Each structure stands twice: as structure tokens, then as C-alpha cells.
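> Below you'll find the structure I mean.
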Amino acid sequence: MTRLLLPAILATTLAAGLATAQSQTDSERAALMVAKREAEVATRRSSQLEQEARAATSEVARSRADAAALAARIQAAEAQITAAETRIRIIENLRAEQRARLARDQGPVVRLTAALQTMARRPPALALVQPGTLDDVVHVRSLLASTLPIIRERTADVRAEIEAGNKLRRQADLAVEALQRSQDELQRQRVALARLEARQRQRSESLAESAIFESDRALALGEDARDLTELMGTLEYQARLRRSLAALPGPVLRPAIPGQAPLPQPNEASEPQAPRYRLPVEGRLVTGTGEISEAGVHARGLTFEPRPGAQVTAPAAGRIVYAGPFRAYGTIVIVEHGGGWTSLVTDLANVTVKVGDAVQLGSPIGRAGGKRARVSVELRRNGRPVPIAPLLAGA
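So the sequence shown is residues -21 to -1, 1 to 374, counted in mature numbering (1 follows the signal peptide of the UniProt record, and there is no 0).
Structure, rendered in C-alpha cells:
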């Protein structure tokens, strides 16, 4: 009974293993498509930013666009590395499946061929001292000659599997080469961005005093705030105060004829438009807006698991109002976009901006942490969390 069940158990186990491998391969293919799409989008974005840099009329705008273009190229290289690594995993899964099929199909053929060749190689003289006659040897050789064509036909699939294995090995070699090229490109772009940021820091030395004052004031607010919500509320209140002061009407000139002074016109501010928006980092979505986060609370934004040391960029144009460590949130950056819109990016390993810096969409603001790091982004309007997905769809 056991001997009858054993083949069935082995067949079931093999089928389950192949089904699992197929499921993993399908998942990897989906991840590969996402990575390739992210690389294409980042490459197009870098080309557009390079055009903006060439068209810029001021040195500041040109430098800012150059930095954003370099950051986009870095993100494109990161996505290409992810695609290459995913492609290598897919090929390895396919090679494992191919080796299993080859071992399964090749076993009986190898045993049959070995037995026939053993019989065919028996010397005719040996038949004189063993039971049987030379007719047996002739019969075996004739049987082998008639069987070999059938064996060749039945081993066609095995030979095809061997050729497929060789093809997969060549594809794996190409994928490894592509991975190395992407890693080299990533390193070149990071070096170029570091040099550009160094030049920008040198040019901004004349404004260092006011920048240090603003940065110290923001850090002081961070120390006084009891939590992130209070810090965001304070910064948003200051932003509203600045907008209100800027919207006040100017002084009314003395009229030429007394009594004919025009009444001040009401300030009819139009509804502020939502900013152009994009995700600040490429990576796997861990938590969506409204979902229960790892901390056990409803998430007010999006949390991603990016590549180690991934480039993080400004999700929209605006002004840096906070950049530095804040309690359990690690290093954070808060960007004021105007019109009541504010973005918060948390859990950075380091930042490359300072309070008071003007940033455009895609400007580099920092880097993600190491392995299994998280980066979160939250968008607010007038102090209330806002879903990010509709703005991404509009973009």
C-alpha cells in the first residue's frame, strides 16, 4: 500500500512545488513591470528637467532644475537596479523549474540508454563462455539499433530543456551585466549630485546668517512641540499668518479732491489650486492612507519601503519650513507649498536641504536609511490630512 501511495505523494509534492514557483515567478514579473515603468517615468522626468534647466534665465533656477534632474536620474538608476535584480530572480526561478523538469524527464531515459549500451558493449567472445549464443548479442545489437530512433524522438523534449537551460544561463549573464551598469550609473549620478550640492552651498554662504536664524527658530519650535501634530499646526499657523499679511491691501493714496477717496476693495482671493504632486521616493507601498500602521494607528499618509539609501525628493514645489530630527520620527522635512498645502516627509537618514530653501517638484531633499528602512509622506491642507492618490492621478 505504501509503495502505491509513494508515487502519488511525490507527484503531489512536485506539483505543489511547481505551483508555488510559478506563483513566485508571476509575482516577480509584476514587480518587474512596476520597476521598469518607474525607471521610464523617472528617465522622462529627468529629460524634462534638463530642458527646464537649459531654458532657465537665472542661475538659481538653473541650479535648482539641474539638481532635480540629477535626482530624477538617480531614481531612474535605482529603479533600473530593482528591475535588474527582479529579472535575475525570475531567471533563477525559471532555471530551478527547468532543472526539476530535466531531472524528472531525463532519469528514465538515462537508465534505459545505459542498460542498452551495456548490453551492446559486451564483447562477442564473452558470449562463448557464458550462457546463450552469439545470436543473443546480434539480437541485442539489432534491438539497440531499432530502439535508438525512438529514444531520440522521446528525448527531444530533454534536449530542448537543455537548450532552454543554456539560453536562461545566457540571459542571467546579461541581467548581471545590466545590474552592474545600473549600479555604476547610480554611483556616477550620486557623485554628480554631491558636487552640485557643494557648489550650491558655496554660493549660499552670503545668506548663511538669515538661514541659520530660520533654522534655529524651526528647531526651537520642534523642541517645544509635544508631538508632530502640534509642530505641524504651529508651522501651518505661521504660514496662514504670512498669507494674511501678504493679502492685506496697500495704503490708500490721498485723493486729489477731499471726500472722493475710493473705498478699499475686498480681497477676493481665488480658491488655491492643489500643487503638482508626485511621490517623494520609489519603493514598495507598506501602508496606505487610512490603513492601520505598524504603530497600531490609522495612517494619515503613505509609507514606503525604498531601496537602501534611496534618493528622496520634494513631492511638490515650495519652501522648506523644517528640516531635522524630531522625536521618534527620525529626520523629517516639512515643505510649505502655499495656499494652505503642506507636506511632511519622515524617517529620512539625512537631509540635504535647510530651512528657508526654495525647492521645486523633484528637488533632492535627502536619502532613505539602510535595509528595510521606511519613508512616509503626508499631505495636509489647512491643517487637515488630505488623500494623496487623487493628486497623483491628476499628475
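Even glycine gets a Cβ: it sits at the ideal position worked out from N, Cα and C.
Computed from a predicted structure; not experimentally measured.
Quick check: the region 17 to 31 against the region 42 to 57, are there 3 or more CB pairs under 8 Å?
yes
> Could you spell out the range, first to last residue, of the beta strand (DSSP E) harbouring residue 316?
310 to 317
> Within a Cβ cutoff of 7 Å, which residues of the same chain sit near residue 65, ignoring the five residues on either side of it in sequence?
For residue 65, where only same-chain residues beyond five positions count, the Cβ hits under 7 Å are 7, 10, 11 and 14.
> Taking the straight line between their C-alpha atoms, what separation do you get for residue 180 and residue 25?
Residue 25 has its alpha-carbon roughly 22 Å from the corresponding atom of residue 180.
> Roughly how many angstroms separate the alpha carbons of residue 16 and residue 38, rounded to a whole number?
33 Å
> Around the C-beta of residue 59, are 16 or more other C-beta atoms found within 10 angstroms, so that it is buried, or is it exposed?
buried
> Return helix, strand or coil for residue 270, following the three-state DSSP convention.
coil
> Helix, strand or coil, according to DSSP, for residue 394 in the structure here?
Because the chain in this structure spans residues -21 to 374, residue 394 falls outside the shown range and cannot be described.
> Going by DSSP, what residue range makes up the beta strand (DSSP E) through residue 326?
320 to 327
> Just verifying my parser: in three-state terms, what is the DSSP assignment at residue 303?
strand
> Give the straight-line distance between the Cα atoms of residue 57 and residue 135, rounded to the nearest whole angstrom.
Rounded to the nearest angstrom, the two C-alpha atoms are 42 Å apart.
> For residue 36, count neighbouring C-beta atoms within 10 Å of its own C-beta (all shown protein chains included) and say buried if the count is 16 or more, exposed if not.
exposed
> I need the straight-line Cα distance from residue 334 to residue 300, nearest angstrom please.
Going from the Cα of residue 334 to the Cα of residue 300 covers about 5 Å.
> Taking buried to mean at least 16 other C-beta atoms within 10 Å of its own C-beta, is residue 371 buried or exposed?
exposed
> If you drop the 5 nearest sequence neighbours on each side, which residues of the same chain put their C-beta closer than 6 Å to that of residue 358?
322, 365 and 367
> Roughly how many whole angstroms lie between the Cα atoms of residue 306 and residue 48?
32 Å
> For the beta strand (DSSP E) that residue 360 lies in, which residues bound it at each end?
354 to 360
> Mind checking residue 345: buried by the 16 CB within 10 Å criterion, or exposed?
buried
> Who are residue 290's beta bridge partners in DSSP?
346
> Starting from residue 284, trace the beta strand (DSSP E) in both directions and tell me its first and last residue.
281 to 285
> If you count every other CB in all the chains shown that lies within 10 Å of the CB of residue 139, and 16 or more means buried, which is it?
exposed
> Please report how far the alpha carbon of residue 186 lies from the alpha carbon of residue 336, in whole angstroms.
Caution applies to residue 186, whose pLDDT of 49 falls short of 50 and renders its modelled position unreliable; the value that the coordinates give is listed next. Residue 186 and residue 336: Cα-Cα distance of roughly 11 Å.
> Below 8 Å on the Cβ atoms is my contact criterion, and I expect residue 338 with residue 327 to pass it. Report the Cβ-Cβ distance as a whole number of Å.
Going by Cβ atoms, the distance from residue 338 to residue 327 rounds to 14 Å, so no, they are not a contact pair.
> Provide the residue span of the beta strand (DSSP E) that contains residue 255, from first to last.
Looking at the DSSP string, residue 255 is not in any beta strand (DSSP E), and its letter there is neither H nor E.
> Taking only heavy atoms of the ligand GDP into account, decide whether any of them is closer than 6 Å to the Cβ of residue 143.
Of the ligands one can find in the structure shown there are none, so the ligand GDP has no counterpart to examine.
> Taking only the alpha-carbon atoms, compute the straight-line gap between residue 376 and residue 53 and give it to the nearest angstrom.
A question about residue 376 goes unanswered here, because the residues of the chain that appear run from -21 up to 374.
> Is the beta carbon of residue 292 less than 7 Å from the beta carbon of residue 341?
Yes, Cβ-Cβ distance for residue 292 and residue 341 is below 7 Å.
> If we ignore side chains and look at the alpha-carbon of each, how far apart do residue 330 and residue 302 end up?
7 Å
> Hey, is the region 69 to 82 in contact with the region 164 to 178, meaning 3+ C-beta pairs nearer than 8 Å?
no
> Which residue wins for smallest C-alpha separation from residue 156, given the options 67, 75, 125 and 166?
Nearest option by C-alpha distance: 67.
> Based on the DSSP output, what are the partners of residue 337 in its beta bridges?
298
> Closer than 6 Å by C-beta to residue 369: which residues in its own chain qualify, once you throw out the five before and the five after it? Chain order, please.
none
> Can you name, in chain order, every residue of its own chain whose Cβ lies under 6 Å from the Cβ of residue 325, other than the five neighbours on each side?
308, 311 and 355.
> Throw me the rounded Cβ distance for the residue 304 and residue 352 pair, which I believe falls under 8 Å.
At roughly 15 Å, the Cβ-Cβ gap does not stay under 8 Å, so residue 304 and residue 352 are not in contact.
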